[in-house]
Amino acid sequence: MSDDTQDQTGQELVQSTGGATKELRPGEWPPADVEHHLRRTDTDPKAQARAVRQVATMFMLSVLFVILFIVAFIAIPRDAVVSIPFIGPISALNSAMGLTFGLAIFLIGAGAVHWAKKLMSNVEVVQERHPMKSTPEETALAADIYEVGRDQSTWAKYPIIRRTMLAAMALVPIPFVISLRDLWIQPASVSTPSVELKTTIWEPGMRLVTDITYQPIKADEIPVGGLVNAVPENLPEVEEEEHNLNARAKAAVIVVRMLPEEIQSQQAPEGDNWDYNGVLCYSKICTHVGCPISLYQQRTHLLLCPCHQSTFDLSDSAEVVFGPAYRRMPQLPITVDDEGYLVAVSDFAEPVGPSYWEISRP
Amino acid sequence: MSTESQAVSNEPQSGVEQKGAAAATYVDERVHSNSWLSRNLNKVFPDHWSFMLGEIALYSFVVVLLSGVYLTLFYKPSVVEVIYDGPYIPLKGVQMSEAYDSALAISFEVRGGLLMRQIHHWSALFFVVAIAVHMFRIFFTGAFRKPRELNWVIGMTLALLALGAGFTGYSLPDDLLSGTGLRIIEGILLAIPVIGTWASFLLFGGEFPGVDIISRLYGIHILLIPGIIVAMITVHLMLVWSQKHTQFPGPGRTDKNVVGYPLMPVYMAKAGGFFFLIFGLITIIAGIVQINPIWIFGPYTPDQVSAGTQPDWYIGWLDGALRLMPNLEWVIFGYTLSLNVFIPTVILPGLIVTAAIIYPWLEAWATGDKREHHLLDRPRNAPTRTALGVMAITFYVVLWIGGGNDVIAVGFDLSINFMIWLLRFSLIILPALAFIITKRICLSLQRRDRDLLLHGRETGRILRLPHGEFIEVHAPINDNERARIEGKPDIKPLPEPPETDSAGVANPKYKSGKRRAGLSRFIHRDAIEKPTADEIHHADEHIAEQVEMEKPLLEREEAMHVAHDGAVLSKPPLETDVLESGDPADSSSNGSGSNSQQ
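These protein sequence lines map, in sequence, to chains U and X. Each residue of the first sequence is one higher than the last, beginning at 13 in the numbering used here. Each residue of the second sequence is one higher than the last, beginning at -8 in the numbering used here.
See the structure below:
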């Protein structure tokens, strides 16, 4: 900017535009009462010619980049990779298209702004404002029109029409709202949503299988300190049948093994144990807002949720030891079948996943 | 004024212009458009860099729309399970939803698909950032004041819609990261008292994740939200247009005028060109900077998650609030109230948004200010408002840091527990501290302004007077600066309301009036008083005196100045005897040589 306001001798050129010294053309605003700085393009024809060349060059380059874009689109294979310093290897096609297209657009803008700054008038002008408030005459006229209309409509005269119309207008959106009810098509067997949240597909005697390859898990094959992600054996069939992931979202569990003497407490009632030789099974779905958890610290038996850092002590009934979760992680009672594979004794005793309004209702 | 283009004024119309005029007439005879053009084609807009923030938001929204339309041609909003058989080797044979499969196809098979996806994501980020910064510009300069309160509300609504658009769009690729975000949304819905479980079942069509959510979000993302945004932006701009843009105080600028450049031609070129600059910049970034690489995250499955997952920055603060909240849960009459989720994700943002929306009326009530404002406040001249704004930003930043506390804990080798406790305390202490510090800084800047008016600018030039006194010469400040400083509004706190009227009847509004006066005192407390016209006049005279005193010295330097090599050929004698006797004149002449150019 400072370049523009000085001529070659370094002396600043300031032209006062205050007062109506020059006659305005129709459609031209009066100049503002501020110092007007002449730019080099205002005084030096060479600078002016240079600016014209610069603007035209930018527009021409834009055209060139469009052509380059077409070339890139045709010539560069989809899977070519190019390495850009500081950014790393990226798709050659994508970056070539982005750069050529982006520059083609950018140069139009650069040309237009340069044109405005160097060659268009830079005289600041004044336009008057008018208060937003209407004139008293306009307001009075509007009030008169309203009163004529009100009287002609008989709105004030017949309260019964007024009230019934307001009632009708208030109620008419209801069918639309009610139509939204079947956003959830309720199965006949389900009385209320909260019932569905209480149970999972775990059943007595159902085998635990690994979550990706669906292999049954031998209790003895889990090392002490180890962790296995597991799901119920019938999950693939259920998913096949229901075409959704709902069962998995509730039934996913983690199996950990610790030395039996390390277990301080379990969720089983007095005198009962839900582990099998130190193998414990807990829900994988956080009781806070439902993230699946598998960050397990074997030395401390702490389970940490990666989403909001709720921490549960698996050696102590998975009670919350830190973080925003309130409820402990539900435990799945397990044992082994005749072949030594882990099986569930029953479904969870407590609801899995986040808390909800009716969670403590029977 | 002397340029060629303006000298050539009444050129005859070219052929194209004649055709254009005919077209304008054709349209005008049908829609009365020339009348509108006559009033608006040369509308004046004031110039300031911060006025471009809203423009950035607008232009990036246009880019979002353009790239979004392209993406709809290829994206399939379906959770039907398919087996991946595309060119991305690591996922070959993996079971995934059709939505994710089509997002992968856009990224790897459609030429320009990845570019458009990245343009869409980057421009969406530009959109939200620009809205946020634009909103703070409006807030800090008081542009929300009468008559612009309604446009503030529309702007706030647009900000919320932008967040909704961002979140719904983010969920559509159905990758592991976006699915985890949806899972958290389900948890938040479930925590809403009474209706939460139903709300969640209705949104997801049953239990999480169900099969409906992707197609439902799709409709909301590409039709409902953008439709409302377009309508709101239209009203937003129409109001800006009819109320005319605000301007900062400066020479010749008042509450009754607009000083700037006309729409045609300057703003057409500048604003129109700026659209292309923004579009081009986003496209270049999208070409070389990767964003949201969904193929790395893998398809969504509700039993997997990756550690260190972060939401986009504008949702991150809510995630931080979820992390910092202590684990409260109440059971009342057998029903469960999950305060640990409900407070940080529903109550907190609800309160913040409500406070922000009604702020213009709160401030007008507390200050009793019912005038129209078209001149902006400089942030320093509204210290309490500025301090409140910085306080809000600090609060937000602490929560946002909370949203990445695990990443920070790993990066700096801190314990997560320590981070959480540090942030919990910070959330209460830092905003209060920010308020106090900001207010003090504003007041100091006001004092500096006052000093500038009353004493001028310190030149660093020392003058010795005949009687031996040393003074520093103060120079007058320039017109721009003076107009800016004098534009400061002088507001007094509201007076205490009378307890009774003149007849001794108790004032029914006494209590609310007293509260209001208290608030007004709080806002205007410690205000730095604006100098009176008399004081300024006196100061001007004093400064002029000093300048006059220094003048002969400067003239002498001027005469000594030789343009080419700076060599001094001869020292002309000083006219007055004031400085003749003193050596300081010589020593100071070297140091001030460059200043005399002013």
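All C-beta atoms in this analysis are idealised placements derived from N, C-alpha and C, irrespective of residue type, glycine included. Note that this is a predicted model, so its numbers are computed, not measured.
Rounded separation between residue i and residue j - CA only
i             : j             : result
residue 568/X : residue 456/X : Because residue 568/X sits at a pLDDT of 47, beneath the cut-off of 50, its placement in the model cannot be relied upon, and the point is left open.
residue 131/U : residue 233/X : 29 Å
residue 129/X : residue 345/X : 17 Å
residue 266/U : residue 217/X : 42 Å
residue 434/X : residue 518/X : 7 Å
residue 557/X : residue 545/X : Low confidence applies here, because residue 557/X scores a pLDDT of 49, under 50, leaving its location unreliable and the question unanswered by this model.
residue 252/U : residue 290/U : 34 Å
residue 360/U : residue 90/X  : 33 Å
residue 187/X : residue 314/X : 21 Å
residue 369/U : residue 281/U : 26 Å
residue 23/X  : residue 279/X : 48 Å
residue 5/X   : residue 124/X : 45 Å
residue 465/X : residue 154/U : 59 Å
residue 11/X  : residue 370/X : 46 Å
residue 71/U  : residue 62/X  : 29 Å
residue 428/X : residue 376/X : 13 Å
residue 368/X : residue 478/X : 8 Å
residue 254/X : residue 32/X  : 6 Å
residue 365/U : residue 114/U : 47 Å
residue 193/U : residue 207/X : 15 Å
residue 223/U : residue 353/X : 56 Å
residue 167/U : residue 196/U : 43 Å
residue 501/X : residue 316/X : 40 Å
residue 239/X : residue 106/U : 43 Å
residue 367/U : residue 184/X : 11 Å
residue 200/X : residue 293/X : 8 Å
Residues bridged to residue i [DSSP beta-bridge criterion]
i             : result
residue 323/U : 316/U, 334/U
residue 255/U : None; residue 255/U has no bridge partner.
Partner residues on chain X for residue i, Cβ-Cβ distance less than 8 Å
i             : result
residue 321/U : 314, 396, 397, 407, 411
residue 125/U : 260, 261, 264, 265, 268
Interface partners of residue i on chain U, CB under 8 Å
i             : result
residue 274/X : 110, 113, 114, 117, 118
residue 319/X : 338
residue 329/X : 338, 366, 367, 368
9 Å Cβ cut-off: residues of chain X touching residue i
i             : result
residue 192/U : 193
residue 122/U : 264, 267, 268, 271
residue 144/U : 137, 138, 233, 234, 363
The beta strand (DSSP E) enclosing residue i, as first and last residue numbers
i             : result
residue 464/X : 461 to 466
residue 188/X : Here residue 188/X belongs to no beta strand (DSSP E); instead the alpha helix (DSSP H) covers 187 to 195.
residue 222/U : 220 to 222
residue 87/X  : 86 to 88
residue 409/U : Only positions 13 to 374 of chain U appear in the structure, and residue 409/U is not among them; the question remains open.
residue 269/U : 265 to 269
residue 356/U : 354 to 356
residue 520/X : Unbroken run through residue 520/X: none, as it is neither H nor E.
Boundaries (first-last residue) of the alpha helix (DSSP H) holding residue i
i             : result
residue 227/X : 216 to 234
residue 344/U : Note, residue 344/U: premise wrong, no alpha helix (DSSP H); not H, not E.
residue 469/X : First-last for residue 469/X: undefined, no H or E at that position.
residue 181/X : 167 to 181
residue 43/X  : 43 to 63
residue 435/X : 407 to 446
residue 26/X  : 24 to 31
residue 377/X : 374 to 394
residue 305/X : 304 to 315
residue 104/X : 104 to 131
Amino acids of chain X, ordered along the chain, whose beta-carbon sits closer than 7 Å to that of residue i
i             : result
residue 39/U  : 33
residue 45/U  : 242, 243
residue 132/U : 256, 257, 260
Chain U residues whose Cβ lies nearer than 9 Å to that of residue i
i             : result
residue 113/X : Simply none; closest approach about 10 Å.
Residue i: contacting residues in chain U (beta-carbon distance under 7 Å)
i             : result
residue 277/X : 110
Query - Stretch pair the segment 505 to 522 of chain X + the segment 479 to 490 of chain X: three plus CB contacts closer than 8 Å - result: Flag = yes, the segment 505 to 522 of chain X and the segment 479 to 490 of chain X touch.
Report task. Report yes or no: do the segment 311 to 323 of chain U and the segment 346 to 355 of chain X share at least 3 C-beta pairs separated by less than 8 Å? Result -> Under the three-pair Cβ rule at 8 Å, the segment 311 to 323 of chain U does not count as touching the segment 346 to 355 of chain X.
Query raised in the report: Counting pairs of beta carbons, one from the segment 212 to 228 of chain X and one from the segment 78 to 98 of chain U, are three or more of them closer than 8 Å?
Result: Short answer: they don't touch.
Query raised in the report: Is there contact between the segment 193 to 212 of chain U and the segment 323 to 338 of chain U, where contact requires at least three CB pairs shorter than 8 Å?
Result: Because the criterion of three Cβ pairs below 8 Å is not met, the segment 193 to 212 of chain U and the segment 323 to 338 of chain U do not touch.
Query raised in the report: Are the segment 315 to 323 of chain X and the segment 173 to 181 of chain X touching, with three or more C-beta to C-beta distances below 8 Å?
Result: Taking a contact to require three or more Cβ pairs closer than 8 Å, the segment 315 to 323 of chain X and the segment 173 to 181 of chain X do not qualify as touching.
Query raised in the report: Does the segment 66 to 82 of chain U touch the segment 98 to 118 of chain U, meaning 3 or more C-beta pairs lie closer than 8 Å?
Result: The answer is yes - the segment 66 to 82 of chain U touches the segment 98 to 118 of chain U, with three or more Cβ pairs under 8 Å.
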